[in-house]
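Asker: Mind looking over this structure? Questions follow.
There are 4 protein chains.
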Amino acid sequence: MESPFAHSVNYVGHSGIVLDEIGVDRVVGHIVVDEYHSQPYGLIHGGVHCTLAETLASTGAACWAIEQGMAGAVGLTNKTDFIKGVTEGVIVGEATPIHCGRSQQIWQVFIRRESDERLLAQSQVRLQNITSTEF
Amino acid sequence: MESPFAHSVNYVGHSGIVLDEIGVDRVVGHIVVDEYHSQPYGLIHGGVHCTLAETLASTGAACWAIEQGMAGAVGLTNKTDFIKGVTEGVIVGEATPIHCGRSQQIWQVFIRRESDERLLAQSQVRLQNITSTEF
Amino acid sequence: MESPFAHSVNYVGHSGIVLDEIGVDRVVGHIVVDEYHSQPYGLIHGGVHCTLAETLASTGAACWAIEQGMAGAVGLTNKTDFIKGVTEGVIVGEATPIHCGRSQQIWQVFIRRESDERLLAQSQVRLQNITSTEF
Amino acid sequence: MESPFAHSVNYVGHSGIVLDEIGVDRVVGHIVVDEYHSQPYGLIHGGVHCTLAETLASTGAACWAIEQGMAGAVGLTNKTDFIKGVTEGVIVGEATPIHCGRSQQIWQVFIRRESDERLLAQSQVRLQNITSTEF
Chain A
20 MESPFAHSVN YVGHSGIVLD EIGVDRVVGH IVVDEYHSQP YGLIHGGVHC TLAETLASTG
80 AACWAIEQGM AGAVGLTNKT DFIKGVTEGV IVGEATPIHC GRSQQIWQVF IRRESDERLL
140 AQSQVRLQNI TSTEF
Chain B
20 MESPFAHSVN YVGHSGIVLD EIGVDRVVGH IVVDEYHSQP YGLIHGGVHC TLAETLASTG
80 AACWAIEQGM AGAVGLTNKT DFIKGVTEGV IVGEATPIHC GRSQQIWQVF IRRESDERLL
140 AQSQVRLQNI TSTEF
Chain C
20 MESPFAHSVN YVGHSGIVLD EIGVDRVVGH IVVDEYHSQP YGLIHGGVHC TLAETLASTG
80 AACWAIEQGM AGAVGLTNKT DFIKGVTEGV IVGEATPIHC GRSQQIWQVF IRRESDERLL
140 AQSQVRLQNI TSTEF
Chain D
20 MESPFAHSVN YVGHSGIVLD EIGVDRVVGH IVVDEYHSQP YGLIHGGVHC TLAETLASTG
80 AACWAIEQGM AGAVGLTNKT DFIKGVTEGV IVGEATPIHC GRSQQIWQVF IRRESDERLL
140 AQSQVRLQNI TSTEF
């Protein structure tokens, strides 16, 4: 029997992502980073940045699509540049739309260290609007 | 006091990544995907693909760099294309080098569904070789 | 009055691209590079690689789409990595499909120096299939 | 004997790029697009957008690097998203820095139609600073 506990916190939850602001113009979230998020060199794993960016961009794109009467949006491409490695502290991601079109959207995400606003990573996510969530 | 349990499994572990083969020419890993990995539509979260790709590519690039007498490699850019959404099953990622140079490497990762080898995502990771792991 | 000469050779022609092989599985083309293609440092302009990749990938994707009864394919994203700069010589690009789907395709392009097959650039182009060429 | 005329206008010139503003914070350029720039469907060739973006970003990055006492910057990766196809008219590209660091820079380029400022393409170019232009 599968433990219900196993899914009480899912992948995004285990990434430590906390959503702070959700909207069609801006989505903000943060992670309290510590050694849990590290790759073997002690720096934050690049996948954490990708996952934070994907989460924020998808949330914003879905909100916009739903506001337009569509069902949502699914990711096509996530391109994340890693700029500065960190070992711990609060990182804050801010997603804003570059393009919201009939069929596709592009959202940009800047991930900064909260303490000094230094840019750590930046990401662009291209998404496809969907008219149904039946897959 | 920080619970030792909290870090007994880290981010990569909680992603469910299992490394099956490690080498300078090829790195393979898999994830048993279920609703834990889902975004709200029930499909695997794009960040899982990014994280699997980043883990495999970085592992291979570090192996190659170390074999050349360097200290390792850190990610510059992760570009992941999402091709087919899945809800559950085993996904297998295979990373192979496109370019291993003096200062940088590029690795490509194909992520397939194990059952029918269908391509689900593909990723390219560009990395910088490093001569020290003191950051 | 617009000079007919002005368009006797178009942008792709002025890039120097010569298509050598066209098919749904592979498209090959080359450019004889010299100082015409240089940026101020004397190295080939990155835009030449992008343009060669875009041309080869689009040609292959259009062929595949037409073979499936669609009208063609248009580019969504071109991601080109520059690996080794050159000043002159023949460069050869080879495009092959990574994914040919109902709605989208992804093609990969390797651009090599003909003389020693050294990898100079590599590109991935994501395209949308189209059912009409009326824009 | 090679015609001197052949190189009186180079690749960037034949792309039709005109630089309007050059600086470490912003580089602007435009192209008067017509059928010369078209792919077979009559739409602007994606390579034109890539080449405009590469030219603007490289120019800005080189200016910044030189101002810091370095020799310049060379492109690592150009990722260009195509958003809206056009057949003719003036397109204007604006490049601004996302990150200017000791070893690398990332510049973003928005390409808009002049007449209505509609976003046609957007690009991100990652570059490596160089301390010498001897290659």
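Protein chains in written order, with our numbering: chain A, 20 to 154; chain B, 20 to 154; chain C, 20 to 154; chain D, 20 to 154.
Every residue gets a Cβ at the ideal spot worked out from N, C-alpha and C, and that includes glycine.
Could you spell out the range, first to last residue, of the beta strand (DSSP E) harbouring C:HIS118?
Answerer: As a first step, residue 118 of chain C is located in the third sequence; it is residue number 99 there, counting from the start. From DSSP, the beta strand (DSSP E) with C:HIS118 extends over 108-119.
Asker: In chain order, which continuous runs of the alpha helix (DSSP H) of length 4 or greater are located wholly inside the segment 35-95 of chain B?
Answerer: Segments of the alpha helix (DSSP H) lying fully in the segment 35-95 of chain B: 65-86.
Asker: Per the DSSP calculation, D:ARG131 is bridged to which residue(s)?
Answerer: In the fourth sequence, residue 131 of chain D corresponds to position 112, counting from 1. Paired residues: D:VAL111, D:LEU138.
Asker: Would you call the segment 68-83 of chain A and the segment 39-52 of chain A touching, i.e. three or more CB-CB distances under 8 Å?
Answerer: Three or more beta-carbon pairs drawn from the segment 68-83 of chain A and the segment 39-52 of chain A are found closer than 8 Å, and the two stretches are therefore classed as touching.
Asker: Taking 9 Å as the CB-CB cut-off, is C:GLY65 touching chain B?
Answerer: In the third sequence, the residue the question calls residue 65 of chain C occupies position 46. No - not a single Cβ of chain B is within 9 Å of the one on C:GLY65.
Asker: Is it true that the CB of C:GLY48 sits closer than 9 Å to the CB of C:VAL111?
Answerer: Position 92 of the third sequence, counted from the start, is the residue given in the question as residue 111 of chain C. Position 29 of the third sequence, counted from the start, is the residue given in the question as residue 48 of chain C. The Cβ atoms of C:VAL111 and C:GLY48 lie closer than 9 Å to each other.
Asker: For the candidate residues D:VAL67, D:TYR30, D:GLN141, whose alpha-carbon lies nearest to that of C:VAL51?
Answerer: Counting from one through the third sequence, the residue named residue 51 of chain C turns up at place 32. From the listed residues D:VAL67, D:TYR30, D:GLN141, the smallest Cα separation to C:VAL51 is found for D:TYR30.
Asker: Does B:GLU54 come within less than 9 Å of chain A when only Cβ atoms are used?
Answerer: Position 35 of the second sequence, counted from the first residue, corresponds to residue 54 of chain B. Yes, B:GLU54 lies at the interface with chain A (some Cβ there is under 9 Å from its Cβ).
Asker: If we count Cβ pairs, one from each stretch, closer than 8 Å, do we get three or more for the segment 57-69 of chain B versus the segment 101-108 of chain B?
Answerer: yes
Asker: DSSP on D:VAL31, reduced to helix/strand/coil?
Answerer: In the fourth sequence, counting from the first residue as 1, residue 31 of chain D sits at position 12. In the structure shown, D:VAL31 sits in a helix (DSSP, three-state: H, G or I).
Asker: I'd like to confirm the pairing. Which residues does DSSP put opposite B:THR99 in its beta bridges?
Answerer: Locating residue 99 of chain B in the second sequence gives position 80, counting from the first residue. According to DSSP, which records beta bridges pairwise, B:THR99 is partnered with A:ASN97, B:SER142.
Asker: Whose Cβ in chain A lies nearer than 7 Å to the Cβ of D:HIS118?
Answerer: Sequence index remark: in the fourth sequence, residue 118 of chain D carries index 99 (1-based). Near D:HIS118 (Cβ distances below 7 Å), the residues of chain A are ILE102, LEU138.
Asker: Anything in the segment 84-110 of chain D with a Cβ closer than 9 Å to a Cβ of chain B? List those residues in chain order, please.
Answerer: LEU95, THR96, LYS98
Asker: With distances taken Cα to Cα, identify the nearest neighbour of B:PHE101 among B:GLN127, B:ALA140, B:VAL128.
Answerer: As a first step, residue 101 of chain B is located in the second sequence; it is residue number 82 there, counting from the start. B:PHE101 has its Cα closest to that of B:ALA140, out of B:GLN127, B:ALA140, B:VAL128.
Asker: What does B:ARG145 reach in chain D if we use C-beta pairs closer than 8 Å?
Answerer: Taking the second sequence and counting its residues from 1, one reaches residue 145 of chain B at position 126. Per Cβ cutoff of 8 Å: LEU95, THR96.
Asker: Do A:VAL128 and A:LEU95 come within 9 Å of each other at the CB atom, strictly closer than that value?
Answerer: For this step, residue 95 of chain A is matched to residue 76 along the first sequence. For this step, residue 128 of chain A is matched to residue 109 along the first sequence. Note that the C-beta distance between A:LEU95 and A:VAL128 is not below 9 Å.
Asker: By the 10 Å Cβ neighbour count, where 16 or more other Cβ atoms means buried, how is C:GLU21 classified, buried or exposed?
Answerer: To locate residue 21 of chain C, count along the third sequence from 1; it is residue 2. The predicted model places C:GLU21 with a pLDDT of 45, which falls under 50 and marks its position as unreliable; any figure quoted below should be read in that light. That one is exposed.
Asker: Rounded to the nearest angstrom, how far is the Cβ of B:SER142 from that of B:THR99, given a contact under 8 Å?
Answerer: On the second sequence, position 123 is the one that residue 142 of chain B refers to. On the second sequence, position 80 is the one that residue 99 of chain B refers to. The Cβ separation is near 4 Å, so the contact holds.
Asker: Tell me the DSSP secondary structure of C:THR150 in three-state form.
Answerer: Mapped onto the third sequence, residue 150 of chain C falls at position 131. The three-state secondary structure of C:THR150, taken from DSSP, is coil.
Asker: For a quick check, are the C-beta atoms of B:ILE125 and B:LEU71 less than 9 Å apart?
Answerer: As a working mapping, residue 125 of chain B is identified with position 106 in the second sequence. As a working mapping, residue 71 of chain B is identified with position 52 in the second sequence. No, the pair does not count as a contact, with Cβ atoms beyond the cut-off.
Asker: Give the C-beta separation of C:THR152 and C:ALA92 to the nearest angstrom, bearing in mind that I take them to be a contact with Cβ-Cβ under 8 Å.
Answerer: For the purposes of this step, residue 152 of chain C is identified with residue 133 of the third sequence, where counting begins at 1. For the purposes of this step, residue 92 of chain C is identified with residue 73 of the third sequence, where counting begins at 1. Actually they do not touch by this definition, with Cβ atoms about 11 Å apart.
Asker: List, in order along the chain, the chain A residues whose C-beta lies closer than 8 Å to that of B:GLU73?
Answerer: Indexing the second sequence from 1 puts residue 73 of chain B at position 54. Chain A residues near B:GLU73: HIS64, GLY65, GLY66, CYS69.
Asker: Name the chain A residues whose beta carbon is nearer than 8 Å to that of B:SER77?
Answerer: The residue labelled residue 77 of chain B in the question sits at position 58 within the second sequence. Near B:SER77 (Cβ distances below 8 Å), the residues of chain A are GLN58, GLY65.
Asker: Among the candidates D:HIS56, D:ARG121, D:VAL67, D:SER57, whose CA atom is the shortest distance from the CA of D:GLY88?
Answerer: The residue given as residue 88 of chain D occupies position 69 in the fourth sequence. Per the Cα distances, D:ARG121.
Asker: Counting only C-beta atoms, is C:PHE129 closer than 9 Å to chain F at any point?
Answerer: Judged by its chain identifiers, the structure shown contains no chain F, and its protein chains are A, B, C and D.
Asker: Give a yes or no on whether 9 Å exceeds the smallest Cβ distance from D:ILE130 to chain A.
Answerer: Start at 1 with the first residue of the fourth sequence, and residue 130 of chain D comes out as number 111. Not an interface residue.
Asker: Going by Cα to Cα distance, which pick from C:SER34, C:HIS118, C:ASP135 is closest to C:ASN148?
Answerer: In the third sequence, counting from the first residue as 1, residue 148 of chain C sits at position 129. It is C:HIS118.
Asker: Got a sec: is the Cβ-Cβ distance from C:GLN124 to anything in chain A below 9 Å?
Answerer: The count along the third sequence starts at 1 and reaches residue 124 of chain C at position 105. In terms of beta-carbon proximity, C:GLN124 stays away from the interface with chain A, with every pair separated by 9 Å or more.
Asker: Between C:SER34 and chain D, is there a C-beta pair that is closer than 9 Å?
Answerer: What you label residue 34 of chain C is simply residue 15 of the third sequence in a count that begins at 1. For C:SER34, the answer is yes, since a Cβ of chain D falls inside 9 Å of its Cβ.
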